[in-house]
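Trainee: In our numbering, the protein residues as written are 1 to 247.
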Amino acid sequence: MRIFVRIQFAFGARVMRKKPRQGRSRSMVDSLVEATAICIAEDGLPAATAARIAERAGVSVGSLYQYFARKEDLYAAVLERITVGLKALVAAEIERLPNKSIEDFVRDLLHAVWSYLETDRQRYLRVTRYWAQLEFVAVMNDLERQMTTALGVYLMHHPARRPVQDLPTKVYVLVNSVLFTIVRYISEPSPQARREQIIECFAEMAAALLPAPTKRAGAGAPLKRLPRSPAGRSGTSAPPAARSVSR
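Structure (structure tokens):
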């Protein structure tokens, strides 16, 4: 399912010269951010100059500089747009966590992430390939916090059978392994690994690192049948536990 995300102007206030107040100016700023993503995806990061972004958005360079002091501020707005969309995906999966195993949560989340990045002819996927040149640390930090929260929600709904040593460390390793492997694979796909293999590997890693949940009362293996009294033995009654079951 495609997710439409508009730039959050509260964030933009940190990198914008002024905040758009009217519908027309908000639409222009939105067009500039979208044009920036298109330029990076189709022409490459070095070609995403202020002049080309303005041309792609259909506005003058002067109008661009009314709101953004430099092209790097537009890059930051694109990254924020991507971050908002990815955080929305994680939040949606958190809502479904009570009824999922940790393996299914990881699989469904990573499939959703890839589908989101591949919308609009892989626009955001291509932008992500420049993560080393862009200020991607803030994106990774936001997603790390969101995914750590998700795993905390999972453990709350699926308590462990017994305490696990170094659980925060294991969660940290799992989350950051997922994040950095994905951006690494997107920027330079490995011929030795396919997407499905990577997703399945992380699902298995999550199941191995996180504690097995306790079984709910009444769930799990069927009740054992109690042994019957030896046949033909007169005057022998069933043990008390057996009598309570037979009632």
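The beta carbon of each residue, even a glycine, is placed where N, CA and C say it ideally should be.
#1: I need the boundaries of the alpha helix (DSSP H) containing residue 130, first residue and last residue.
#2: Return helix, strand or coil for residue 193, following the three-state DSSP convention.
#3: The alpha helix (DSSP H) that contains residue 158, what's its start and end?
#4: The alpha helix (DSSP H) that contains residue 66, what's its start and end?
#5: Would you kindly check if the distance between the Cβ of residue 35 and the Cβ of residue 56 is under 8 angstroms?
#6: Could you tell me if residue 217 is buried or exposed, where buried requires 16 or more neighbouring beta carbons within 10 angstroms of its beta carbon?
#7: How big is the Cα-Cα spacing for residue 75 and residue 38?
#8: Tell me whether the beta-carbon of residue 157 lies closer than 8 angstroms to the beta-carbon of residue 98.
#9: So does the stretch 71–89 actually touch the stretch 26–33, counting three or more Cβ pairs closer than 8 angstroms?
#10: To the nearest angstrom, report how far apart residue 19 and residue 40 are at their CA atoms.
#11: Between 152, 132, 137 and 82, which lies nearest to residue 120 when the distance is taken from Cα to Cα?
#12: Between residue 206 and residue 174, is the Cβ-Cβ spacing less than 8 angstroms?
#13: Less than 8 angstroms separating the beta-carbons of residue 47 and residue 71?
#14: Can you tell me the Cα-Cα spacing of residue 151 and residue 171, whole angstroms?
#15: Going by the CB atoms, is the gap between residue 45 and residue 130 shorter than 8 angstroms?
#16: Considering only residues of the same chain and omitting the five flanking positions on each side of residue 53, which have a CB-CB separation below 8 angstroms?
#17: Per DSSP, what are the beta-bridge partners of residue 213 in this structure?
#18: Which word fits residue 123, buried or exposed, when buried means at least 16 other C-beta atoms lie within 10 angstroms of its C-beta?
#19: Tell me whether the stretch 161–170 and the stretch 82–96 touch, counting them as touching only if at least three CB pairs, one residue from each stretch, are closer than 8 angstroms.
#20: Could you check the C-alpha separation between residue 134 and residue 113 for me, to the nearest Å?
#21: Given residue 187, which residues of its chain have a CB within under 8 angstroms of its CB, disregarding the five upstream and five downstream residues?
#22: Using DSSP's beta-bridge definition, name the partner residues of residue 16.
Mentor: According to the structure shown:
#1: Unbroken run through residue 130: none, as it is neither H nor E.
#2: coil
#3: No alpha helix (DSSP H) holds residue 158; DSSP gives it neither H nor E.
#4: 61–67
#5: yes
#6: Per-residue confidence for residue 217 stands at a pLDDT of 42, beneath the threshold of 50, marking its modelled position as unreliable; the derived number appears in the next sentence. It counts as exposed.
#7: 11 angstroms
#8: yes
#9: yes
#10: 24 angstroms
#11: 82
#12: yes
#13: no
#14: 8 angstroms
#15: yes
#16: 32, 35, 36, 39, 64, 71 and 74
#17: 160
#18: buried
#19: no
#20: 19 angstroms
#21: 128, 129, 130, 131 and 132
#22: 68
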